[in-house]
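Throughout the sequence shown, residue numbering follows this note's numbering, covering 153 to 310 in sequence.
Where a beta carbon is used, it is the ideal one built from N, C-alpha and C, also for glycine.
Since the structure comes first, as structure tokens, the remarks are kept for the end.
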Amino acid sequence: MGKVALTALSLYVIVLLRAGGTFAVGRLAAAGARRSRFAARISSAKFQRAERAIQRWGAPVVAVSFLTVGFQTAANFLAGSMRMPLPRYLPALFVGGAAWALLYATVGLGVFEVLTRLFAERTALGVSAVAVLVLAVCGAVVVRRRRAASSPGDDLAG
153 MGKVALTALS LYVIVLLRAG GTFAVGRLAA AGARRSRFAA RISSAKFQRA ERAIQRWGAP
213 VVAVSFLTVG FQTAANFLAG SMRMPLPRYL PALFVGGAAW ALLYATVGLG VFEVLTRLFA
273 ERTALGVSAV AVLVLAVCGA VVVRRRRAAS SPGDDLAG
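Printed below as a string of structure tokens:
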């Protein structure tokens, strides 16, 4: 079996377990909330409409969420907590998970191969590339934190 196929298969199993587990945790959290003091809020007509919409139309959102960064966990948890039926959820999980696994197996292995060759053949260039990448990520984090600290919503709250 090829390196990409084995990696994709491994990642597929991982994503099925992780996303399916997140869905299950969402289901358990919703069941607990329905037995708690929040039960009256959860049984409101507005909440029920939202729950029906997610149960009916949430599967495409779950499938596409696997192609995003940082949204897939929320989408799977929300699908579970809003009691999306398994016959709608599982196909979205299988398709979205397969897309995620193939994307990360091909692109991820490609990037790993490039970095391995770069470090083996031109170590100084490899170290420089990683340093530039780390500095870029740090710079992006600093910019985001500064923007969040000076957001207009803070002026209204204070």
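If I'm right that residue i touches residue j with Cβ under 8 Å, what's the distance once you round it to whole angstroms?
{"i": "Ala240", "j": "Ala182", "result": "A small correction: the amino acid at residue 240 is Arg; Ala does not occupy that position in the sequence shown. No, Arg240 and Ala182 are not in contact; Cβ-Cβ is about 16 Å, not under 8 Å."}
{"i": "Thr174", "j": "Gly210", "result": "14 Å between Cβ atoms; not a contact."}
{"i": "Ala253", "j": "Leu180", "result": "About 26 Å; that fails the 8 Å criterion."}
{"i": "Ile194", "j": "Ala205", "result": "Not confirmed; about 15 Å, so no contact."}
{"i": "Ala251", "j": "Leu219", "result": "6 Å"}
Could you pull out every residue in the same chain whose Cβ sits closer than 6 Å to the Cβ of residue i, ignoring the five residues on either side in sequence?
{"i": "Gly310", "result": "Because the pLDDT of Gly310 is 47, which lies under 50, any placement of that residue in the model is unreliable, and the question is left without a value."}
{"i": "Leu230", "result": "none"}
Excluding sequence positions up to five away, which residues of its chain have a Cβ less than 8 Å from the Cβ of residue i?
{"i": "Val286", "result": "none"}
Below 8 Å, can you find three or more Cβ-Cβ pairs linking the stretch 264 to 275 to the stretch 161 to 178?
no
| request: Take every Cβ of the stretch 214 to 223, pair it with every Cβ of the stretch 237 to 250, and state whether three or more of those distances are shorter than 8 Å. | output: yes
For the stretch 251 to 310, list the alpha helix (DSSP H) runs that are entirely contained and at least 4 residues long, ordered along the chain. 275 to 301 and 304 to 309
Between the stretch 187 to 203 and the stretch 254 to 265, are three or more C-beta pairs nearer than 8 Å? no
Q) Which ranges would you report for the alpha helix (DSSP H) in the stretch 169 to 251 if only whole runs of at least 4 residues count? A) 191 to 194, 197 to 217 and 224 to 233
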